[in-house]
Structure formats: C-alpha cells, structure tokens
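Chains U and B are the protein sequences, given in the same order.
In terms of our numbering, the first sequence opens at residue 1 and continues consecutively.
In terms of our numbering, the second sequence opens at residue 99 and continues consecutively.
Data block below; observations after.
Number of protein chains: 2
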Amino acid sequence: MAGDAVSVAPDLYKVLFENDRVRVLDVRYGPGVKSDMHSHPDTVVVALTLLKAKFTSADGQTVDIELQAGEAGFVEAQDHMVENTGTSEIRGILVQLK
Amino acid sequence: MAGDAVSVAPDLYKVLFENDRVRVLDVRYGPGVKSDMHSHPDTVVVALTLLKAKFTSADGQTVDIELQAGEAGFVEAQDHMVENTGTSEIRGILVQLK
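Next comes the structure, spelled out in structure tokens:
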C-alpha cells in the first residue's frame, strides 16, 4: 500500500480534525498539479469548487471524476495519483472513515 | 428519540446518496427557518455557506454554532431543533456515519 495522503503530499492535504470515527482533510490542487502515489481509506468527498480530476491507480488505470461545487461522492479505499485536469484550483473536504 | 431529519423535515434535508457506511444529506435553511425536533447519528458537517445556527435540545438547552464556508465540524448523535439565526440561506453537506 502507498503512504498516507497527508504524509506523501502535506502541501496538498491538511488535517482539519480527527476523532475515533473520522479524519477530515482539506484538499487543494492548483491547476495542472499532480500528486505522487498515496492511499486513502473509504472516503466521502465534498467538492467546494468544481472538482475535475484524473485518478491513476498503481496498475496504470485511469478514472476521470467530475463533481460540481456542493456535490458529494464516495471513493472506496484505494491507492492512486491525482491530477487536477481543470484550469483552476480544485478544493474539497475529504471525510475519511475509520 | 425524535424522528429522522429527512422524515421530519424533507423540505430541509435531502438524501444525496447512501451506502453501508454513510448517508449523505444536502441541508438548506432559509433565513429565520426553524425545524421541528429531529434526530441525527454522529455526523460530519461541511459548511457550503456561512453556517450560523442555533441548536435546541429536548431539555431546552441551546448551542450556537458558526462555521465559515468550507469549514467542517463534528456533531455527536443527538436530537435537536435547528434555527437559521443568520440573514441568508445556510447550506451544508451532512455526512451521517453508520
């Protein structure tokens, strides 16, 4: 498994708070920014801006995701790299489930 | 225990999606709007607007909460009434934990 998102990319992922049930992250990617490979547990993503990104898994498969500001989605536990494929900063809240 | 938020106030709480780990709600209160008593499980609140509200519990105790847009907080399982004490619509995403 790849390293934790906050350890691998502390410039992109910041911990807002954590308790025994969740860890909540603020995530920001500038336009064109791409992370190194990292891991997430099961996570609810809440888009604070248009969130248009490409996820690349360890085996090279890619998935394009797009959420409008104010939308939410569920991402199952996985390792991936993320690239902001839009033209402006993307920002979201990640609710990581324990 | 009071009834589920979505059952008690379907005009204020809408289900975005649900799986075996979470139920995710969109919540909107117009200025001055007050709900009836309802229940929530442990919940992460993500504020999409300035979120200024008063929670009143069954025993009459009140708590004022304020989150800026883009902030998140944790609300432990409880019954309460909610009043939008601000002057504009408040909007948020609730990640209800199972």
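In this text, a Cβ means the ideal position worked out from N, Cα and C, and glycines have one as well.
Keep in mind it's a predicted model, so treat the numbers as computed, not measured.
query                                                                                                                                                   : result
Could you check which residue in Thr62(U), Leu97(U) and Pro31(U) has the C-alpha nearest to that of Leu50(U)?                                           : Pro31(U)
Flag Phe17(U) as yes if its beta-carbon sits less than 8 Å from any beta-carbon of chain B, otherwise no.                                               : yes
Round the Cβ separation of Val24(U) and Ile90(U) to the nearest angstrom and send it over; I've been treating them as touching at under 8 Å.            : Actually they are not in contact, since the Cβ atoms of Val24(U) and Ile90(U) sit about 17 Å apart, beyond 8 Å.
Contact criterion: CB-CB distance below 8 Å. Does Gly184(B) meet it with respect to chain U?                                                            : no
Who are the Cβ neighbours of Val113(B) in its own chain at under 7 Å, not counting the five residues just before and after it?                          : Val104, Arg121 and Leu123
Within 8 Å of any Cβ in chain B, is that where the Cβ of Leu67(U) sits?                                                                                 : no
Mind checking Pro107(B): buried by the 16 CB within 10 Å criterion, or exposed?                                                                         : For the sequence presented, residue 107(B) should be read as Ala rather than Pro. The residue is buried, with at least 16 neighbouring Cβ atoms inside 10 Å.
Under a Cβ-count criterion, where at least 16 other Cβ atoms within 10 Å of its own Cβ denotes burial, should Ala72(U) be classed as buried or exposed? : buried
Roughly how many angstroms separate the alpha carbons of Gln96(U) and Gln78(U), rounded to a whole number?                                              : 12 Å
Report the partner residues of Met81(U) according to the DSSP bridge assignment.                                                                        : Thr56(U)
With a 10 Å radius around its C-beta and 16 neighbouring C-beta atoms as the bar for buried, classify Thr43(U) as buried or exposed.                    : buried
In the structure shown, what three-state DSSP assignment does Ala145(B) receive?                                                                        : strand
List the endpoints of the continuous alpha helix (DSSP H) containing Ala167(B).                                                                         : Premise fails: Ala167(B) is in no alpha helix (DSSP H) and is neither H nor E.
What does DSSP give as the partner residues of Asp64(U) in its beta bridges?                                                                            : Lys54(U)
What did DSSP end up calling Val95(U) once you bin it into helix, strand or coil?                                                                       : strand
Does the beta-carbon of Lys98(U) have 16 or more other beta-carbons within 10 angstroms, so that it is buried, or is it exposed?                        : exposed
Helix, strand or coil: how does DSSP classify Ser186(B) here?                                                                                           : coil
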